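Just so we're aligned: 430 in the UniProt record's numbering is position 430 of the sequence shown, and the numbers increase by one with no gaps anywhere.
Yeah, the Cβ is synthetic: ideal placement off N, Cα and C, and Gly gets one too.
Every value quoted in this text rests on a predicted model; they were computed, and no experiment measured them.
Everything on this sheet refers to the single structure shown next.
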Amino acid sequence: MFTQVLSPLHLQRHCSLTFTSRLRHDANRKSKILLFLLTIAKLIKLTASLYISYRESGQLLPTGVFYQNHKTVRLCEELGPLPVGWEVRSTVSGRIYFVDHNNRTTQFTDPRGDGDVAVRYERDLVHKLKLLRHELSLQQPQAGHCRIEVSREEIFEESYRQIMKMRPKDLKKRLMVKFRGEEGLDYGGVAREWLYLLCHEMLNPYYGLFQYSTDNIYTLQINSDSSINPDHLSYFHFVGRVMGLAVFHSHYINGSFTLPFYKQLLGKPIQLSDLETTDPELHKSLVWILENDITSVLDHTFCVEHNAFGKFSQHELKPNGRNVSVTEENKKEYVRLYVNWRFMRGIEAQFLALQKGFSELIPQHLLKPFDHKELELIIGGLGKIDLADWKANTRLKHCTSESNVVRWFWQAVEDFSEERRGRLLQFVTGSTRVPLQGFKALQGSAGPRLFTIHLIDANTDNLPKAHTCFNRIDVPPYESYEKLNEKLLTAVEETCGFAVE
Numbered sequence: 001m002f003t004q005v006l007s008p009l010h011l012q013r014h015c016s017l018t019f020t021s022r023l024r025h026d027a028n029r030k031s032k033i034l035l036f037l038l039t040i041a042k043l044i045k046l047t048a049s050l051y052i053s054y055r056e057s058g059q060l061l062p063t064g065v066f067y068q069n070h071k072t073v074r075l076c077e078e079l080g081p082l083p084v085g086w087e088v089r090s091t092v093s094g095r096i097y098f099v100d101h102n103n104r105t106t107q108f109t110d111p112r113g114d115g116d117v118a119v120r121y122e123r124d125l126v127h128k129l130k131l132l133r134h135e136l137s138l139q140q141p142q143a144g145h146c147r148i149e150v151s152r153e154e155i156f157e158e159s160y161r162q163i164m165k166m167r168p169k170d171l172k173k174r175l176m177v178k179f180r181g182e183e184g185l186d187y188g189g190v191a192r193e194w195l196y197l198l199c200h201e202m203l204n205p206y207y208g209l210f211q212y213s214t215d216n217i218y219t220l221q222i223n224s225d226s227s228i229n230p231d232h233l234s235y236f237h238f239v240g241r242v243m244g245l246a247v248f249h250s251h252y253i254n255g256s257f258t259l260p261f262y263k264q265l266l267g268k269p270i271q272l273s274d275l276e277t278t279d280p281e282l283h284k285s286l287v288w289i290l291e292n293d294i295t296s297v298l299d300h301t302f303c304v305e306h307n308a309f310g311k312f313s314q315h316e317l318k319p320n321g322r323n324v325s326v327t328e329e330n331k332k333e334y335v336r337l338y339v340n341w342r343f344m345r346g347i348e349a350q351f352l353a354l355q356k357g358f359s360e361l362i363p364q365h366l367l368k369p370f371d372h373k374e375l376e377l378i379i380g381g382l383g384k385i386d387l388a389d390w391k392a393n394t395r396l397k398h399c400t401s402e403s404n405v406v407r408w409f410w411q412a413v414e415d416f417s418e419e420r421r422g423r424l425l426q427f428v429t430g431s432t433r434v435p436l437q438g439f440k441a442l443q444g445s446a447g448p449r450l451f452t453i454h455l456i457d458a459n460t461d462n463l464p465k466a467h468t469c470f471n472r473i474d475v476p477p478y479e480s481y482e483k484l485n486e487k488l489l490t491a492v493e494e495t496c497g498f499a500v501e
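What follows is the structure, given as C-alpha cells:
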C-alpha cells in the first residue's frame, strides 16, 4: 500500500485525507462505512499517541525492528555483542530468537546468559515509571495553579481544609505552596518541605489515624480505633488525596506503610507471607498450624478476640464461627480468613476512603504494571541514603573534589547518623527522600537537577545557605573541618523557612 515507511502521525494524516476524499465522492456509502472508519480512526489515534510517547522519551525503535518487542530489543542491545558466529532474528509474530551458525541451530534463549537480573529489574522499573509520569502529565491542565497557603503552626488542619475544598482536577494543576508570613517562590522546594512537615503530622500515631504495625517495627497501618473521631473518614479521604498529590507532582511521602497496604491499593489479594514483616508472632503461630497436625492440640473456633481501648470484643470469621471448631480439615480456611481479618479488621471504611482520595489523582489502571514493592518506592522514594551514589551525582560549583570545603563536607556527612543525613538532605532539597532512580533523578525547579555544593565568597562566620528549588547548598570557605562541621550542624538543626534574595 505504501512505498515508504510512514510514522503513525503521517499515517493518521494520510488516512484522514483519503477517507475524507472518498466520502465526498460517494455519499451513499457513508452510512455503511461510518462505523468502520470510526474504529480505524480510534486505532490510528492510539498508535499516534504511543508514537509520540516513545518519540518524546527518546525510545523510538529503528524501522527494521518496528514489529519486534521493544523491551526485548533494548535488552538484547544492552547485554553487549553476541558471541562469534551468532545472530539475532525475530519471527513473524515478533518473538526474538538466536541463530548459532557454528552448529547450525536456533534457540530462544539468549546465549549471553541472563545478565544482571537486578540491573534489568531496575531498568524496567525506571521505564515503567517514565510511562506513568508521561500518562500523568497528559492529565495535567495547561493553565492555572493549585495554590496552597498554610501556616507552619497549623499545617495539618489548614492543609486539610484547603485540599478538601478543591476538585480533583484542580489538584492536578501546577502545585504552588506558600508558608504564611514567609517570603519565597515555590519552584518545588517549598512543596517538598510542606509535604515533609504535613506527613510528620498527618501520619503521626498520636493523632490516631495510623498506628505502628508492631511495637518494634516502624511501619504504619490504619488504626482500627480511628473511628472514635466522627470525621475520620473525611480525614482518610484527605490522606489519600495528599498521597496522590505527591505522586502526581513527582514528590514523595515521608512515611512507610506495611507492604500489604500497598497490595491493597493495587487491589491484589493478601497472603499469609505478608504477615511476616508486620506481625511476626502471629505469622509464626499460623504457619505452625498449617505445618502441624492440630488434632486434639488446639481448642480454637472461627472466632477471634480484638482489644479496643482496653475492651475485648469477639469477631466471627464466618457466620456462626464461634460454634465452628478449627480442625485439620478446615485449618487452611481458618488461616485464610484470619489473615484477611488481620489486615482489614475494622478498617474497611477507612481504607476505602483513603483509596478513593488516592484514585482521584492516580487512577488504579495506571498502576497495573507495578507490584506492591514498586508502589512503595513510587509513593515513598528511597528511605536509606546511598552515600556513594550521593557523591557520584553531586555537582561542584566554584570548587573541585580536592577543595578543602568539599572534602570536609563529605567527611562531615560520613560522620553523620542516617537520621542526620536525612535532615541535611531535607535542608538542601526540601525532602528526606531520594527518588527511586537515586540522586541522579533529584528534581529541581525545571526538571532533574543534581545536588550542588557551591563554594561562595562570604564571611566564614555565616552559616551554609540552602536553595531547595535548585538542590544547592552555598558554603563559605571555612578554615577548618571543625568549623565547617559546626556551622553545617547548626544550619541543619536550627534553620527553617525559605527566602528570596
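Taking the Cβ atom as the reference point for each residue, do residue i and residue j lie within a distance shorter than 8 Å?
| i | j | result |
| --- | --- | --- |
| valine 413 | leucine 424 | yes |
| tyrosine 338 | leucine 366 | no |
| glutamine 443 | glycine 188 | yes |
| leucine 125 | glutamate 376 | no |
| phenylalanine 416 | arginine 449 | no |
| methionine 164 | serine 227 | no |
| isoleucine 385 | glutamate 360 | no |
| glutamine 364 | glycine 267 | yes |
| leucine 455 | serine 401 | no |
| glutamate 201 | isoleucine 148 | no |
| lysine 130 | proline 369 | no |
| isoleucine 270 | proline 280 | no |
| serine 151 | arginine 192 | no |
| phenylalanine 236 | leucine 354 | yes |
| threonine 460 | tyrosine 478 | yes |
| phenylalanine 351 | glutamine 264 | yes |
| tyrosine 97 | arginine 104 | no |
Candidates the options: which alpha carbon is nearest residue i's?
| i | options | result |
| --- | --- | --- |
| alanine 246 | Pro435, Glu486, Phe451 and Val492 | Pro435 |
| lysine 178 | Leu352, Phe261 and Trp194 | Trp194 |
| leucine 488 | Cys469, Arg433, Val428 and Gly447 | Val428 |
| tyrosine 206 | Trp86, Ile222 and Gln162 | Ile222 |
| proline 476 | Gln211, Glu493, Cys399 and Phe238 | Cys399 |
| isoleucine 258 | Asp299, Val239 and Phe210 | Contrary to the premise, residue 258 reads as threonine rather than isoleucine in this sequence. The residue with the shortest Cα to Cα distance from threonine 258 is Phe210. |
| asparagine 102 | Arg89, Gly85 and Phe351 | Gly85 |
| leucine 298 | Ser401, Lys331, Asp279 and Gly267 | Lys331 |
| alanine 143 | Ser296, Met176, Gln350 and Glu158 | Met176 |
| threonine 394 | Gln364, Ala441 and Pro230 | Ala441 |
| glutamate 157 | Gly422, Leu197 and Glu183 | Leu197 |
| lysine 397 | Asp474, Gln107 and Val242 | Asp474 |
| glutamate 329 | Pro369, Ala458 and Ile294 | Ile294 |
| glutamate 305 | Asn292, Gly181 and Arg322 | Arg322 |
| alanine 491 | Lys483, Arg472 and Lys465 | Lys465 |
| glycine 357 | His145, Tyr160, Tyr97 and Val88 | Tyr160 |
| glutamate 493 | Val324, Arg472 and Gly422 | Gly422 |
| threonine 468 | Ile362, Ser431 and Asn485 | Ser431 |
| glutamine 411 | Leu463, Leu484 and His372 | Leu484 |
| glutamate 153 | His134, Glu182 and Glu135 | Glu182 |
| valine 190 | Asp457, Gln426, Asn462 and Leu463 | Gln426 |
| glutamine 162 | Asn229, Thr106 and Val242 | Val242 |
| residue 502 | His300, Asn307, His315 and Met166 | Summary: the structure shown does not reach residue 502, with the chain confined to residues 1 through 501, and so no result is reported for it. |
Thinking residue i and residue j are a contact (beta carbons under 8 Å), I'd like their distance in whole angstroms, please.
| i | j | result |
| --- | --- | --- |
| phenylalanine 302 | tyrosine 334 | 6 Å |
| glycine 240 | glycine 380 | In fact, because the Cβ distance is near 15 Å, the residues do not count as touching under 8 Å. |
| tryptophan 390 | phenylalanine 451 | 7 Å |
| serine 224 | isoleucine 347 | 5 Å |
| arginine 433 | glycine 383 | 7 Å |
| proline 81 | proline 111 | In fact, because the Cβ distance is near 11 Å, the residues do not count as touching under 8 Å. |
Answer yes or no: does any C-beta atom of chain B fall closer than 8 Å to that of residue i?
| i | result |
| --- | --- |
| arginine 241 | Absent from the structure: chain B. Only one protein chain is present. |
Discussion item. Give the list of continuous beta strand (DSSP E) stretches no shorter than 3 residues that lie fully inside the stretch 278-316.
Written reply: 303-308 and 311-316
Worksheet item: Unbroken alpha helix (DSSP H) runs of length 4 or more, entirely within the stretch 397-453: which are they?
Response: 404-415 and 418-429
Item to complete: Scan the stretch 188-251 and note each continuous alpha helix (DSSP H) run of 4 residues or more that stays entirely inside, going in chain order.
Response: 189-202 and 232-248
Worksheet item: Can at least three beta-carbon pairs, one atom from the stretch 161-173 and one from the stretch 139-152, be found at a separation below 8 Å?
Response: yes
Worksheet item: Should the stretch 340-347 be regarded as contacting the stretch 274-285, the criterion being three or more beta carbon pairs within less than 8 Å?
Response: yes
Fill in: the stretch 251-258 in contact with the stretch 281-293 per 3-pair CB rule at 8 Å
no
Worksheet item: Curious, which full-length beta strand (DSSP E) runs of at least 3 residues does the stretch 111-170 contain?
Response: 145-150
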